[in-house]
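Quick note, the sequences are listed as chains A and B, same order. Heads up, the first sequence stops at 268 in my numbering, and the numbers go up one at a time, no gaps. Heads up, the second sequence stops at 433 in my numbering, and the numbers go up one at a time, no gaps. The structure appears right after this line, and notes come after that.
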Amino acid sequence: MAKTIDQYFDDLRGTRVWRSVFRSGTGSSTLKRALAVQQNVFLHLFSTKVRTRMLSFSATWYLGTLTLGTFLILVATGIPLMFYYHPSVPQAYADTKDLQFVVSSGLFLRNLHRWSAHAMVFLVFAHMFKVFYRGAYRAPREFNWVIGVILLLMTLLLSYTGYLLPWDQLAYWAITVGSNIASAVPVIGEKIHFLLLGGNAVNANALLRFYVLHCMILPLTAMFFVAIHFWRIRKDGGLYSHDSEPATVRAKVQTSASTSATPAKEGQ
Amino acid sequence: MADETKKTGEINNDVNRRQFFAKLGLGSLGIAAAGTAAFAYQYLDPNVLYEPSPVVNAGKPDRYPLGSVTIDVNSGIYIIHSDEGYFSLSAVCTHLGCMTAWKPELNMIACPCHGSKFNEDGKKIEGPAPRPLPWKRIWLNDDGDLLVDRSTDVPALAQDSYVRV
């Protein structure tokens, strides 16, 4: 009797190696499925159970997940771009042109990186507006809103630091203008400007600093806060929180309004 | 025994051994953190800069005819030959650092980024620039070349701010 594919997978899940890696074991009972999520280092950030209606498109428009998607695309395309790009004044612009016109699939990777970056900024704002208008920032999720603001800042800084790297006229003057805005900070503005650029003007030091910020410091910081952001969703009661549902809030308002209105009616 | 109790009673108001070591540990970590912050700041603050010299050689004065406004985009300065003599203006907009340009048809200096306008003395005609374009120190060297020090501002329209040949 031939085995079905499912049976092969079941055999695989029963092997000693599989059991040593995924400790939740075989079986698809609710408990086993919950354990599979809880005992996975990545999935344990999320809730083991989610209400189906919170997974519907209308609940979140998937804006947070889509933002994560663009971030992953940016990591996956950014790393290959680093193999051809030298963050130095004589080479940066030439390397960018090589990626655009010479390197196989360079055009695809660079444009995917560029468009994903634009999409990520758009999605982060859309996600923020959605959370705001749905009232999803309310208790118990206030702190996750704060983490979200930090992530918005990280996104904008990643966008800004990446903008200099092609080292063309647009990049050069945009960073000149942007770094001069930093000088407007009272008292320490000039020092921030100097430290950011590693000098008095946008030059070799500035290019290298922006490269290190763009490829190492900011992505790692962003990942750290993304992990907290996701973990807090579970800690704050999952995607669904009854208290902050618009219907619940409306019902509460109506109840309090009608209770305060009732004595007046009786008095008449 | 009674003495001992009395003794511990007195010590209780003070720190005990455990608290002392905890404070010592936290204090050392605090000092180490402050040291690391100072170390990081000093490391990231460059001591040597390989930037172009602030002093620019603008060549012989006869390159600049009377009444001309000439920009050197590489050094970001104007050399202006007026009736009073030669003087130099910074070409870097005082708003957000873009390179301005001389517009002969309008007889003014204009910034392409946010539309600030200046006259040929550097005086602001319209914003968003907050300040006029600064005048730079200009002098003749022994070879008869005009030199400009971009790092030194001089008062606008002052007698000493011109070079007369």
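Every residue, glycine too, gets a C-beta built ideally from N, C-alpha and C. Just so we're clear, the structure is a prediction, and the values are computed from it rather than from any experiment.
Worksheet item: Using a beta-carbon distance below 7 Å, is V185 of chain A in contact with chain B?
Response: Residue 185 of chain A sits at position 185 when you count from the first residue of the first sequence. Taking Cβ atoms only, chain B never reaches closer than 7 Å to V185 of chain A, which makes this a no.
Fill in: Contacts of G199 of chain A in chain B (Cβ-Cβ under 7 Å)
Residue mapping note: residue 199 of chain A aligns to position 199 of the first sequence, counting from 1. Going along chain B in sequence order, the residues near G199 of chain A (Cβ under 7 Å) are P314, L317, E319.
Discussion item. Quick test of the definition: if touching needs 3 or more C-beta pairs under 8 Å, does the segment 207-224 of chain A touch the segment 320-339 of chain B?
Written reply: Verdict: no, contact absent.
Discussion item. Between S321 of chain B and the ligand ZN, is there a pair consisting of the residue's CB and a ligand heavy atom that are separated by less than 6 Å?
Written reply: Absence of the ligand ZN from the depicted structure is noted, as is the absence of any ligand whatsoever, leaving it without description.
Worksheet item: Is there at least one Cβ from chain B nearer than 7 Å to V177 of chain A's Cβ?
Response: Taking the first residue of the first sequence as 1, we reach residue 177 of chain A at position 177. Against chain B, the CB of V177 of chain A has a partner CB under 7 Å away; the residue lies at that interface.
Discussion item. Extract the residue ranges of the beta strand (DSSP E) inside the segment 354-418 of chain B, only unbroken runs of 3 or more that lie entirely within it.
Written reply: 369-371, 376-378, 392-394, 403-408, all fully within the segment 354-418 of chain B.
Practice prompt. Could you tell me whether the segment 294-314 of chain B touches the segment 188-199 of chain A, where touching means 3 or more Cβ pairs closer than 8 Å?
Written response: Flag = yes, the segment 294-314 of chain B and the segment 188-199 of chain A touch.
Practice prompt. Hey, could you find the ends of the beta strand (DSSP E) V323 of chain B is sitting in?
Written response: Along the second sequence, read from residue 1 onward, the residue named residue 323 of chain B stands at position 55. In the DSSP assignment, V323 of chain B falls within the unbroken beta strand (DSSP E) covering 323-327.
Worksheet item: Would a check of beta-carbon distances place G344 of chain B closer than 7 Å to chain A?
Response: One-based indexing of the second sequence puts residue 344 of chain B at position 76. Using a CB distance cut-off of 7 Å, G344 of chain B does not count as an interface residue toward chain A.
Fill in: Own chain residues within Cβ distance below 8 Å of L415 of chain B, not counting five before or after
Residue mapping note: residue 415 of chain B aligns to position 147 of the second sequence, counting from 1. Non-local C-beta neighbours of L415 of chain B in its own chain, meaning closer than 8 Å and more than five positions away in sequence, comprise V323, V324, N325, A326, I406, W407, L408, N409, ordered along the chain.
Fill in: Pairwise C-alpha distance: F225 of chain A and A318 of chain A
Nothing can be reported for residue 318 of chain A, as the shown portion of chain A is limited to 1 through 268.
Discussion item. What does DSSP give as the partner residue(s) for D340 of chain B in the beta ladder?
Written reply: Walking along the second sequence from the start, residue 340 of chain B turns up at place 72. In the DSSP output, where bridge partners are listed per residue, D340 of chain B has B:I345.
Worksheet entry | Cβ-based burial, P166 of chain A [other Cβ within 10 Å; buried from 16] | Position 166 of the first sequence, counted from the first residue, corresponds to residue 166 of chain A. Counting of Cβ neighbours within 10 angstroms places P166 of chain A among the buried residues, the total reaching 16 or more.
Worksheet item: Does DSSP put D95 of chain A in a helix, a strand or coil?
Response: Residue 95 of chain A sits at position 95 when you count from the first residue of the first sequence. In the structure shown, D95 of chain A sits in a helix (DSSP, three-state: H, G or I).
Worksheet item: Which term fits M128 of chain A, buried or exposed, when burial requires 16 or more other beta carbons within 10 angstroms of its beta carbon?
Response: One-based indexing of the first sequence puts residue 128 of chain A at position 128. Buried is the label assigned to M128 of chain A, since at least 16 other Cβ atoms lie within 10 Å of its Cβ.
Worksheet item: From which residue to which residue does the alpha helix (DSSP H) around T155 of chain A run?
Response: If you number the first sequence from 1, residue 155 of chain A lands on position 155. It spans 142-164 - the alpha helix (DSSP H) in which T155 of chain A sits, taken as one unbroken run.
Item to complete: Look at the alpha carbon of I348 of chain B and the alpha carbon of N144 of chain A, and state the distance between them as a whole number of angstroms.
Response: Residue numbering aside, residue 348 of chain B sits at position 80 when the second sequence is read from its first letter. Residue numbering aside, residue 144 of chain A sits at position 144 when the first sequence is read from its first letter. Their Cα atoms are separated by approximately 58 Å.
Worksheet item: Leaving out the 5 sequence neighbours to the left and right, which residues in its chain are closer than 6 Å to T96 of chain A when beta-carbon positions are compared?
Response: Within the first sequence, the letter at position 96 stands for residue 96 of chain A. By the criterion of a C-beta distance shorter than 6 Å, T96 of chain A is surrounded in its chain by P166, once the five residues flanking it on both sides are discounted.
Worksheet item: What does D421 of chain B pair with, by DSSP beta-bridge criteria?
Response: Position 153 of the second sequence holds residue 421 of chain B. BP columns for D421 of chain B point to B:K404.
Item to complete: Name the two residues that bound the continuous alpha helix (DSSP H) containing D10 of chain A.
Response: Along the first sequence, read from residue 1 onward, the residue named residue 10 of chain A stands at position 10. In the DSSP assignment, D10 of chain A falls within the alpha helix (DSSP H) that extends over 5-14.
Item to complete: Report yes or no: do three or more beta-carbon pairs, one from the segment 330-338 of chain B and one from the segment 147-167 of chain A, lie closer than 8 Å?
Response: Counting Cβ pairs under 8 Å, fewer than three are found: no touch.
Discussion item. Tell me which residues share the same chain as F22 of chain A and place their Cβ nearer than 8 Å to its Cβ, disregarding the 5 neighbours each side in the sequence.
Written reply: For the purposes of this step, residue 22 of chain A is identified with residue 22 of the first sequence, where counting begins at 1. The beta carbon of F22 of chain A is closer than 8 Å to those of R13, A36, Q39, N40 in its chain, skipping five residues each way along the sequence.
Worksheet item: In whole angstroms, what is the alpha-carbon distance linking V212 of chain A and Q287 of chain B?
Response: Walking along the first sequence from the start, residue 212 of chain A turns up at place 212. Walking along the second sequence from the start, residue 287 of chain B turns up at place 19. When rounded, the distance between both Cα atoms is 42 Å.
Discussion item. Tell me which residues of the segment 364-379 of chain B have at least one Cβ-Cβ distance to chain E shorter than 9 Å, keeping chain order.
Written reply: This model lacks chain E altogether, as its protein chains are A and B.
Worksheet item: Does the Cβ-Cβ distance between H214 of chain A and G162 of chain A come in under 7 Å?
Response: Residue 214 of chain A sits at position 214 when you count from the first residue of the first sequence. Residue 162 of chain A sits at position 162 when you count from the first residue of the first sequence. Yes.
Practice prompt. Please decide whether N180 of chain A counts as near chain B, where near means a Cβ-Cβ distance under 7 Å.
Written response: Here residue 180 of chain A corresponds to residue number 180 of the first sequence, with the count starting at 1. It does; some Cβ of chain B falls within 7 Å.
Discussion item. Check for me: the alpha helix (DSSP H) holding L72 of chain A runs from which residue to which?
Written reply: Taking the first sequence and counting its residues from 1, the one referred to as residue 72 of chain A is at position 72. 63-82 is the extent of the alpha helix (DSSP H) around L72 of chain A.
Worksheet item: Measuring CB to CB, does S350 of chain B end up less than 7 Å from L401 of chain B?
Response: Taking the first residue of the second sequence as 1, we reach residue 350 of chain B at position 82. Taking the first residue of the second sequence as 1, we reach residue 401 of chain B at position 133. By the CB criterion at 7 Å, S350 of chain B and L401 of chain B fall outside the cutoff.
Item to complete: Apply the 10 Å Cβ neighbour rule to R141 of chain A and answer buried if 16 or more other Cβ atoms are within range, or exposed otherwise.
Response: The residue labelled residue 141 of chain A in the question sits at position 141 within the first sequence. So R141 of chain A counts as buried.
Fill in: Status (buried if at least 16 other CB within 10 Å, exposed otherwise) for N180 of chain A
Numbered from 1 along the first sequence, position 180 holds the residue referred to as residue 180 of chain A. Counting every other CB atom within 10 Å of its CB across the protein chains shown gives N180 of chain A a total of 16 or more, marking it as buried.
Discussion item. Just verifying my parser: in three-state terms, what is the DSSP assignment at S350 of chain B?
Written reply: Here residue 350 of chain B refers to the residue found at position 82 when the second sequence is read from its first residue. DSSP, reduced to helix, strand and coil, places S350 of chain B within a strand of the structure shown.
Item to complete: Could you tell me whether the Cβ of V416 of chain B comes closer than 7 Å to any Cβ of chain A?
Response: Along the second sequence, one-based indexing puts residue 416 of chain B at 148. Not an interface residue.
Discussion item. So if DSSP puts V431 of chain B in a beta bridge, which residue, or which two residues, is it bridged to?
Written reply: Here the question's residue 431 of chain B lines up with position 163 in the second sequence. Paired residue(s): B:Y354.
Worksheet item: Roughly how many whole angstroms lie between the Cα atoms of D428 of chain B and V422 of chain B?
Response: As a working mapping, residue 428 of chain B is identified with position 160 in the second sequence. As a working mapping, residue 422 of chain B is identified with position 154 in the second sequence. Cα to Cα, the separation comes out at about 8 Å.
Worksheet item: Using the C-alpha atoms, what's the distance from D6 of chain A back to R16 of chain A?
Response: Here residue 16 of chain A is taken as the residue at index 16 of the first sequence, counted from 1. Here residue 6 of chain A is taken as the residue at index 6 of the first sequence, counted from 1. Each residue's alpha carbon lies about 18 Å from the other.
Worksheet item: Whose CA, out of B:R418, B:K385, B:E352, lies closest to the CA of K371 of chain B?
Response: In the second sequence, counting from the first residue as 1, residue 371 of chain B sits at position 103. The shortest C-alpha separation from K371 of chain B is found at B:K385.
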